[in-house]
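Structure first, commentary second.
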Amino acid sequence: AQSVTQLDSHVSVSEGTPVLLRCNYSSSYSPSLFWYVQHPNKGLQLLLKYTSAATLVKGINGFEAEFKKSETSFHLTKPSAHMSDAAEYFCVALRGSQGNLIFGKGTKLSVKP
Amino acid sequence: GAGVSQSPRYKVAKRGQDVALRCDPISGHVSLFWYQQALGQGPEFLTYFQNEAQLDKSGLPSDRFFAERPEGSVSTLKIQRTQQEDSAVYLCASSLGPREPQHFGDGTRLSIL
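Chains A and B are the protein sequences, given in the same order.
Numbered by our numbering, the letters in the first sequence go through residues 709 to 821 in order.
Numbered by our numbering, the letters in the second sequence go through residues 3 to 115 in order.
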């Protein structure tokens, strides 16, 4: 069965420093993976998606993620954090042919001035 | 353009009451998903529609939960005889097709007293 594990429930960085949010997946085949962001009291916004075309995926707002099959990882990075990046981030896998999503438990990103 | 619209944004009900939550998907999106997000958790899949057909309801937690999309556009999630454990944010998402990126509404926060 597919699953995703987010290794950190909370990450705190200073503004202007790099961001690393870690995600490992479990799948018997090459998965479709996504990162979504959720700001307080808002819905989820798609940051980026991996669908096997390229292992390094660029998303919105300067985020990118690298798919590493050997490590079963799909970590999210950003070179320089901005205060507006403070939010909850979810690593997500696509399940089956109909497309319902399997979410990790989320990582809360705090950005200190 | 218009995104996914959910109403009401907040709903408070007494235990035992019935509630109905509405989702207006993006026009032209054939796939519609409902998710339940408990406090501090990632969303969990409830049910999936392709046009008016409910193709997967495996995530509905009990027979008190019922969803419909009679004309293949607006969808309603109904919860009968609500219980405290039903308190959560209910998210609706729509997409152009089953495996296309999903666009989420802001959710309905349901509180059962």
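Each residue gets a CB set at the ideal place from its N, CA and C atoms; glycine is no exception.
- Is it a yes or a no for the region 771-780 of chain A touching the region 55-69 of chain B, going by three-plus beta-carbon pairs under 8 Å? Counting Cβ pairs under 8 Å, fewer than three are found: no touch.
- Task: Run down chain A in chain order and give the residues with a C-beta less than 7 Å from the C-beta of B/PHE35.
- Result: Counted from its first residue, the second sequence places residue 35 of chain B at position 33. Neighbours of B/PHE35 on chain A, chain order: ASN808.
- Message: So A/PHE798 contacts chain B; which residues on that side make the cut at Cβ distance below 7 Å?
- Response: Position 90 of the first sequence, counted from the start, is the residue given in the question as residue 798 of chain A. Result: GLY44.
- Can you tell me where the beta strand (DSSP E) with A/ARG803 in it begins and where it stops? Here residue 803 of chain A refers to the residue found at position 95 of the first sequence. Membership of A/ARG803 in the beta strand (DSSP E) is indicated by the continuous run 795-803.
- Message: Tell me which residue opens and which closes the beta strand (DSSP E) that A/HIS718 is part of.
- Response: Residue 718 of chain A sits at position 10 when you count from the first residue of the first sequence. Here the beta strand (DSSP E) through A/HIS718 covers 718-722.
- Of the listed residues B/PRO27, B/TYR50, B/PRO45 and B/CYS25, nearest to A/SER805 (C-alpha basis): Here residue 805 of chain A is taken as the residue at index 97 of the first sequence, counted from 1. Per the Cα distances, B/TYR50.
- List the residues of chain A that B/ASP74 touches, going by C-beta distances under 9 Å, in chain order. Walking along the second sequence from the start, residue 74 of chain B turns up at place 72. Correcting the residue identity first, residue 74 of chain B is Gly in this sequence and not Asp. By Cβ distance, chain A contributes nothing, its closest Cβ being about 16 Å from B/GLY74, past 9 Å.
- Message: I want to verify the contact list: residues of chain A whose CB lies under 8 Å from the CB of B/PRO100, in sequence order.
- Response: Residue 100 of chain B sits at position 98 when you count from the first residue of the second sequence. Simply SER805, GLN806 and GLY807.
- Item | Span separating the alpha-carbon of A/ASN732 from that of B/GLN19 | On the first sequence, position 24 is the one that residue 732 of chain A refers to. On the second sequence, position 17 is the one that residue 19 of chain B refers to. Their backbone Cα atoms lie some 41 Å apart in a straight line.
- Please name the residues in the region 765-784 of chain A whose beta-carbon is closer than 9 Å to at least one beta-carbon of chain B, in chain order. When CB distances to chain B are screened at a threshold of 9 Å, not a single residue of the region 765-784 of chain A falls below it.
- With respect to 7 Å, is the separation between the Cβ of A/TYR733 and the closest non-hydrogen atom of the ligand GDP below this value? Among the ligands in the structure shown, none appear at all, so the ligand GDP cannot be discussed.
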